[in-house]
Amino acid sequence: MERSRMSLPTGPDTLCFDKDEFMKEDFDVDHFVSDCRKRVQLEELRDDLELYYKLLKTAMVELINKDYADFVNLSTNLVGMDKVLNQLSVPLGQLREEVLSLRSSVSEGIRAVDERMSKQEDIRGKKMCVLRLIQVIRSVEKIEKILNSQSSKETSALEGHSPLLTGQILERIATEFNQLQFHAVQSKGMPLLDKVRPRIAGITAMLQQSLEGLLLEGLQTVDVDIVRHCLRTYATIDKTRDAEALVGQVLVKPYMDQVIIEQVVESHPNGLQIMYNKLLEFVPHHCRLLREVTGGAISSEKGNTVPGYDFLVNSVWPEIVRGLEENLPSLFNPGDPNAFHEKYTISMGFVRAFERQCGSQASVRRLRAHPAYHSFNNKWNLPVYFQIRFREIAGSLEAALTDALEDAPAGSAYCLLASHRTWSCLQTCWSEQLFLPSLAHRLWRLTLQVLARYSVFVSEVSRPRALQIHRATQSAMANLRHAGQRGHANSFFGLIFLY
1 MERSRMSLPT GPDTLCFDKD EFMKEDFDVD HFVSDCRKRV QLEELRDDLE LYYKLLKTAM
61 VELINKDYAD FVNLSTNLVG MDKVLNQLSV PLGQLREEVL SLRSSVSEGI RAVDERMSKQ
121 EDIRGKKMCV LRLIQVIRSV EKIEKILNSQ SSKETSALEG HSPLLTGQIL ERIATEFNQL
181 QFHAVQSKGM PLLDKVRPRI AGITAMLQQS LEGLLLEGLQ TVDVDIVRHC LRTYATIDKT
241 RDAEALVGQV LVKPYMDQVI IEQVVESHPN GLQIMYNKLL EFVPHHCRLL REVTGGAISS
301 EKGNTVPGYD FLVNSVWPEI VRGLEENLPS LFNPGDPNAF HEKYTISMGF VRAFERQCGS
361 QASVRRLRAH PAYHSFNNKW NLPVYFQIRF REIAGSLEAA LTDALEDAPA GSAYCLLASH
421 RTWSCLQTCW SEQLFLPSLA HRLWRLTLQV LARYSVFVSE VSRPRALQIH RATQSAMANL
481 RHAGQRGHAN SFFGLIFLY
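Numbering (full-length UniProt numbering), first residue to last: 1 to 499.
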């Protein structure tokens with residue numbers, strides 16, 4: 001920027017260059033000289049540069065002489081300046097003291113304001129705690145009042161309340177109890193809360209007991225309104241898992257213990273399939289009401305359903321897995337591979353049928369992500385089953401490859417027993433009696449191993465025969481070189497016979 005504002009003295013018009021070229025930011029000597037050489041010779045360029053150099057020296061001297069008087073008079077103009085500065089030091093010092101004093105006062109004011117703000121914030125926090133405690137006490141008293149009034153109605157001679165009214169009362173209590181829990185959590189650590197805690201525990205126990213009893217009553221009497229109110233109340237107090245656990249313990253577990261019996265399964269040829277069919281009958285016969293209320297059934301009305309529940313996944317399936325693991329431990333034994341294959345195939349068919357009973361794809365995803373689902377799949381010791389099958393196939397193949405030239409059985413498409421047994425092993429790997437989808441990768445690897453072993457066998461068997469043919473060929477070729485026409489023909493036919 002400074003270079004662009006500077007002006008150079010004007011030279012004669014006969015100069016071979018432009019003086020403004022020297023002031024450009026990207027000025028380059030080599031480029032300047034090469035550009036001038038296009039117009040004039042170097043000698044003329046040198047003369048013009050010397051001429052302009054003299055003009056620059058003259059202009060510089062004139063510039064110095066122009067401001068020389070001001071430089072000379074500078075010391076004269078500064079006479080007495082120290083006295084003026086001394087006179088200013090006193091008022092400046094006073095001004096500094098006043099500024100520091102004002103700064104201190106402002107800092108003290110800010111500090112006082114901060115302290116008051118902190119106190120107000122502390123008071124506001126304590127006030128909120130007191131208000132929460134007041135709300136806790138009010139909620140406790142309100143719930144106890146509702147319970148006492150309901151108890152007095154039950155003991156009086158008046159007409160008893162209907163189940164629907166009880167469900168409505170429980171919903172009111174649950175709504176208030178939900179607020180009670182929220183404020184109790186916010187007031188954690190307050191001494192007064194410890195005094196109210198026994199009353200809260202009593203309300204909690206009574207509410208859970210009432211909900212459990214009413215839910216069981218609704219399930220036994222097949223009352224949709226009671227079940228709907230109970231499940232909605234459980235959802236209000238965020239206890240949906242408690243309701244699902246209650247259904248699993250009271251409704252599902254007894255049925256599973258009656259159906260899953262090892263002696264009954266083993267006493268019938270199709271005992272396992274019969275047992276699984278009875279387990280599948282549980283959902284349509286005993287869970288129809290729950291599925292209608294929670295929206296798990298296709299015929300459920302969306303407006304009257306209670307979302308947030310999945311009884312098939314969280315109540316029925318865990319009890320099925322528990323019953324199988326506890327009451328039928330021999331189901332997962334891989335000692336007998338044929339029986340294991342049959343049990344595994346039937347069990348996986350049961351799992352697929354159970355998944356079809358789920359009301360939606362989301363329910364199926366929840367089922368497959370459930371810990372009980374993974375526990376059931378992990379119980380099947382597939383690696384041990386594969387090792388047993390591997391030994392059977394490998395042992396059968398090696399026994400056939402021991403006698404290299406043994407003939408295949410009558411009716412076989414192969415000549416050698418080794419080839420016949422290899423093809424039989426390959427068919428066995430993918431037969432319905434052995435194949436399992438979960439072991440497809442291992443069976444494919446076993447297939448490649450069988451083929452590789454047969455390839456080695458073929459190489460070992462054909463190597464001596466190839467050596468014999470090679471020697472016979474060399475002998476025949478030698479005879480061809482020394483024999484006559486008759487001998488030549490005989491040797492040729494002998495060579496063909498060898499091949």
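Idealized CB from N, CA, C, for every residue including glycine.
- Of the candidates 380, 374, 352, 380 places its Cα closest to the Cα of residue 334.
- Look at the beta carbons and you see the stretch 305 to 315 not touching the stretch 260 to 273: under three pairs across the two are nearer than 8 angstroms.
- Going by beta carbons, residue 447 and residue 416 fall outside the 8 angstroms limit.
- Using a 10 angstroms sphere on the CB of residue 421, the tally of other CB atoms reaches 16 or more, which defines it as buried.
- Counting the other CB atoms within 10 Å of its CB gives residue 88 a total below 16, which places it among the exposed residues.
- Per DSSP, residue 414 lies in no alpha helix (DSSP H) segment and is marked neither H nor E.
- Distance from the CA atom of residue 280 to the CA atom of residue 144, rounded to whole angstroms, is 44 angstroms.
- By the criterion of at least three beta-carbon pairs nearer than 8 angstroms, the stretch 198 to 210 is not in contact with the stretch 251 to 270.
- Sorting 295, 344, 387, 413 by C-alpha distance to the C-alpha of residue 358 places 295 at the top.
- With respect to residue 172, residue 200 sits apart: the two C-beta atoms are not nearer than 8 angstroms.
- In the three-state reduction of the DSSP assignment, residue 407 falls in the strand class.
- Nearest C-alpha to residue 434 among 449, 392, 70: 392.
- Annotation for residue 228: the continuous alpha helix (DSSP H) segment containing it runs 224 to 236.
- Taking C-beta atoms under 8 angstroms as the contact rule, residue 306 and residue 235 qualify, at a distance of about 6 angstroms.
- Annotation for residue 375: the continuous alpha helix (DSSP H) segment containing it runs 371 to 379.
- Less than 8 angstroms separates the beta-carbon of residue 136 from that of residue 184.
- In the same chain as residue 21, and ignoring 5 residues on each side of it, the C-beta atoms closer than 7 angstroms to its own belong to 27, 32, in chain order.
- Between the stretch 245 to 258 and the stretch 207 to 225, the count of Cβ pairs shorter than 8 angstroms is three or higher; the stretches touch.
- Each residue's CA atom was taken as its position, placing residue 95 and residue 54 some 57 angstroms apart.
- The way I'd put it, the stretch 344 to 353 doesn't touch the stretch 394 to 414; fewer than three beta-carbon pairs between them come closer than 8 angstroms.
- Taking all protein chains in view, the Cβ of residue 318 is crowded by 16 or more other Cβ atoms within 10 Å, so the residue is classified as buried.
- Going by C-alpha positions, residue 224 is about 36 angstroms away from residue 377.
- Distance between residue 327 and residue 275, taken at the CA atoms: about 12 angstroms.
- In this structure, the straight-line span from the alpha carbon of residue 90 to that of residue 97 is close to 11 angstroms.
- Our two residues, residue 103 and residue 116, have alpha carbons roughly 20 angstroms apart in a direct line.
- Counted as a single uninterrupted DSSP element, the stretch harbouring residue 269 is not any alpha helix (DSSP H), since DSSP gives it neither H nor E.
- Annotation for residue 340: the continuous alpha helix (DSSP H) segment containing it runs 337 to 357.
- Residue 197 holds the alpha-carbon nearest to the alpha-carbon of residue 181 among 197, 260, 443.
- In terms of CA proximity to residue 210, 243 leads the group 186, 189, 79, 243.
- If you draw a 10 Å sphere on the C-beta of residue 237, you find 16 or more other C-beta atoms in it, and that means buried.
- Within the stretch 180 to 223, the runs of alpha helix (DSSP H) at least 4 residues long that lie entirely inside it are, in chain order, 191 to 221.
- In this structure, DSSP gives residue 255 a helical state, which the three-state scheme calls helix.
- Excluding sequence positions up to five before and after residue 386, its CB lies within less than 7 angstroms of the CB of 439, 442, all in the same chain and listed in chain order.
- DSSP, reduced to helix, strand and coil, places residue 431 outside both helices and strands of the structure shown, so it counts as coil.
- Secondary structure note for residue 60: its alpha helix (DSSP H) is the uninterrupted segment 42 to 66.
- Residue 9 sits away from residue 45, with the two beta carbons spaced by 8 angstroms or more.
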